[in-house]
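Scroll down for the structure; my scribbles are underneath it.
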């Protein structure tokens, strides 16, 4: 491996090629996403701009704590502030909308557990009648595994790029492909 192909030992503020700064951005994004509450906030704000107060009410959490999470997500570009509006008592409120940056962000193995926890928390709130589950065990070679991942990715991308139906019902999907170690 050439010297310039090695991973940096530490991140610095300056890199003429931008590689170290990109690594710092990836790390900062990962830290911003390292919370089930933050993933829940992003889902709530996916197609409806919500204020901190509204987010806190839906999550049944303290508004001060939620505000910290909202600020962190906004600073990293995962939430975008919308035009401010006046609240019930004339207070200034800023609604936030998810930017869908997570769809373009590598979650990486360190966030896998958080995504599962987030899914389980959201699933626990869902009407059981609205849940469709499937489970499948297959045995594939590397090419088959790559094809499965590619085809699922294409299907997800197709639905993610659709314009949301304003009268539609919100749905969430959670898909995981993993090696079945017990069947090895």
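Numbering (full-length UniProt numbering), first residue to last: 1 to 184. Glycine is no exception: its CB is placed at the ideal position from the N, C-alpha and C atoms.
Asked	Found
With H, G and I counted as helix, E and B as strand and the rest as coil, what does DSSP make of residue 56?	helix
Give the secondary structure of residue 43 by DSSP, where H, G and I count as helix, E and B as strand, and everything else as coil.	helix
Using DSSP's beta-bridge definition, name the partner residues of residue 98.	79
Note the first and the last residue of the continuous alpha helix (DSSP H) segment covering residue 144.	142-160
Can you tell me the Cα-Cα spacing of residue 64 and residue 118, whole angstroms?	21 Å
According to DSSP, which residues form a beta bridge with residue 93?	85
Using only the alpha-carbon positions, how far apart do residue 115 and residue 39 sit?	8 Å
Span of the alpha helix (DSSP H) holding residue 114?	109-125
Quick check on residue 173: buried or exposed, where buried means 16 or more other Cβ atoms within 10 Å of its Cβ?	exposed
Please state whether the Cβ-Cβ distance between residue 123 and residue 96 is less than 9 Å.	no
Within a Cβ cutoff of 6 Å, which residues of the same chain sit near residue 92, ignoring the five residues on either side of it in sequence?	84
Candidates 177, 145, 108, 168: which alpha carbon is nearest residue 134's?	177
Please tell me whether residue 34 and residue 111 are closer than 9 Å, where the distance is taken between their beta carbons.	yes
For a cutoff of 9 Å on Cβ pairs, would you count residue 77 as touching chain C?	Checking the listed chains, one finds no chain C in this structure; it contains a single protein chain.
If you draw a straight line from the C-alpha of residue 182 to the C-alpha of residue 150, how long is it?	25 Å
For residue 105, write down the residues that DSSP places opposite it in a beta bridge.	Its beta-bridge partners do not exist; DSSP assigns none.
Please classify residue 76: is it buried, with 16 or more other beta-carbons within 10 angstroms of its beta-carbon, or exposed?	buried
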